[in-house]
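Chemist: The numbering of the sequence shown is the numbering used here, which starts it at -18 and goes up by one.
We treat Cβ as the ideally placed atom computed from N, Cα and C, and that holds for glycine.
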Amino acid sequence: MFYHNGTMMREFDTNAQGVKWVNVFLDKRDARLDDLAIMCTIVTCIRTRVVSITDHAMHLDIPLCVSIRVPGDHHNRESILAAAELSAESMRSHVAAGSVWIDRALLFQR
């Protein structure tokens, strides 16, 4: 889903035990936004709890979905969402710095 300095970032095992995925669903109209605005939307969706939490990444199966990997032993929804928010904020800062960008074809054109 993301490129770092021109190289596709490695996808971790999307069904690994002990890993949760926070899935954010975008609208096709979001395709007109730049990558930074999309990341801001993702962070906002996590903060406002407009997400789903699953044991597998949904972005490989569902268009317009970004799945944030949350490894570790989280015991409740709030700790999962807090970890996802930190991860998304980190990714947003890399996008803002220009070192990471979104695979828009994967996100919007399948």
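Look up Met(-10) in the DSSP assignment and say whether it is helix, strand or coil.
Modeler: It is coil, neither helix nor strand.
Chemist: Please check the pair Arg58 and Ile34, which I expect to be a contact at CB under 8 Å, by giving their CB distance rounded to whole angstroms.
Modeler: Correct: roughly 7 Å between the Cβ atoms.
Chemist: If I'm right that Ile49 touches Ser68 with Cβ under 8 Å, what's the distance once you round it to whole angstroms?
Modeler: Right, their Cβ atoms sit about 5 Å apart.
Chemist: DSSP state of His75, grouped into three classes?
Modeler: His75 falls in the helix class under three-state DSSP.
Chemist: Whose CA, out of Val24, Trp2, Gly(-13), Leu7, lies closest to the CA of Ser71?
Modeler: The candidate whose alpha carbon is nearest that of Ser71 is Val24.
Chemist: Look up Thr35 in the DSSP assignment and say whether it is helix, strand or coil.
Modeler: The answer is strand: DSSP assigns Thr35 an E or B state.
Chemist: Between which two residues does the beta strand (DSSP E) carrying Arg28 extend?
Modeler: Arg28 -> not in any beta strand (DSSP E); alpha helix (DSSP H) instead, spanning 16 to 28.
Chemist: List the DSSP bridge partners of Ser48.
Modeler: In DSSP, Ser48 forms a bridge with Asn4.
Chemist: Using a threshold of 8 Å, state whether the C-beta atoms of Val76 and Met(-18) are closer than that.
Modeler: No, they are not a contact pair.
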